[in-house]
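Per UniProt numbering: the sequence shown ends with 222, consecutive numbering throughout.
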Amino acid sequence: DKVTFSENHIFSTSIHAKAQLNAKNKEKLLRSYSREDVFNYLETINEIYGLRNTPDSLNQLCIVTYSWLMGNTLNLLISNAIKYSNSVRDPISYRWVKFDKTNPDHINAKIMEAIQCIESEVTFKLETCIAHFYQLCQSIHGDENAGINLSPYLEYGTLDTNIIELQEFGFSRLAAIEIIAKHKECVTFKTNETSLQINTQKLRAKIEKHSVIDRELSWLNL
Numbered sequence: 001d002k003v004t005f006s007e008n009h010i011f012s013t014s015i016h017a018k019a020q021l022n023a024k025n026k027e028k029l030l031r032s033y034s035r036e037d038v039f040n041y042l043e044t045i046n047e048i049y050g051l052r053n054t055p056d057s058l059n060q061l062c063i064v065t066y067s068w069l070m071g072n073t074l075n076l077l078i079s080n081a082i083k084y085s086n087s088v089r090d091p092i093s094y095r096w097v098k099f100d101k102t103n104p105d106h107i108n109a110k111i112m113e114a115i116q117c118i119e120s121e122v123t124f125k126l127e128t129c130i131a132h133f134y135q136l137c138q139s140i141h142g143d144e145n146a147g148i149n150l151s152p153y154l155e156y157g158t159l160d161t162n163i164i165e166l167q168e169f170g171f172s173r174l175a176a177i178e179i180i181a182k183h184k185e186c187v188t189f190k191t192n193e194t195s196l197q198i199n200t201q202k203l204r205a206k207i208e209k210h211s212v213i214d215r216e217l218s219w220l221n222l
């Protein structure tokens, strides 16, 4: 497969062979967007590509990734990381230690951890690994039986196709999420015959001046 081959240069021969072996196993395919299925799938990806070295570290990656896919804002994503995490990388020893929610240093470390995880791992390293694995699944099982391709959803930070459509139109993830949550009636989504339409006058009447959406409407010349 030429597409799969073009992606292989960024992975070692041993990793590619391991990925190919796992891709042959239909139990390793992603079948749903449930928390359990996504977490299990991320564990498989980690076993192949070695993104994280410890169970606690992997759990942190899974929590952040799933929150990101659910379209959570960065603030909520950080809150979830604090709420569900049991460990944190100590800023002094740089070892994983028990997470103390009353320790300001631990809270700050968890905040930075979540932000860095999104910027350097979820939308780059993890997305690249999942894209590679899915292409192998496609080449082995065919498009219709390759399971779910999670990589584009990691790029957009949502499973909601309407939010993705707004991002492709030019809005940021943050603005797109807010539009869908609060002002969906101002948008007519594309069909086979029509492109996406924004009722700019109606939307501007509902939002605050100088808000994120207001600024982005101006940037988009709407």
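Note that the Cβ used here is the ideal one computed from N, Cα and C, for glycine as well.
Presumed contact (8 Å Cβ cut-off) between threonine 65 and leucine 51, rounded CB distance: Incorrect: roughly 10 Å between the Cβ atoms, too far for contact.
When Asn22, Asn192, Ala81 and Ala146 are compared against serine 57, the one with the closest alpha-carbon: Ala81
Stretch-stretch touch, CB-based, cutoff 8 Å, three pairs: the stretch 115-134 with the stretch 89-107: no
Threonine 158 in three-state terms, based on DSSP: coil
Cutoff 8 Å; reference asparagine 22; Cβ partners in own chain excluding five residues on either side: Lys28, Thr44, Glu47, Ile48 and Phe133
Within 8 Å, strictly: CB atoms of glutamine 60 and serine 85: yes
Distance between lysine 202 and phenylalanine 11 (C-alpha atoms, nearest Å): 49 Å
Touch test, the stretch 159-175 against the stretch 185-199, Cβ-Cβ under 8 Å, three pairs minimum: yes
CB contact flag (glutamate 127, glutamate 155, <8 Å): yes
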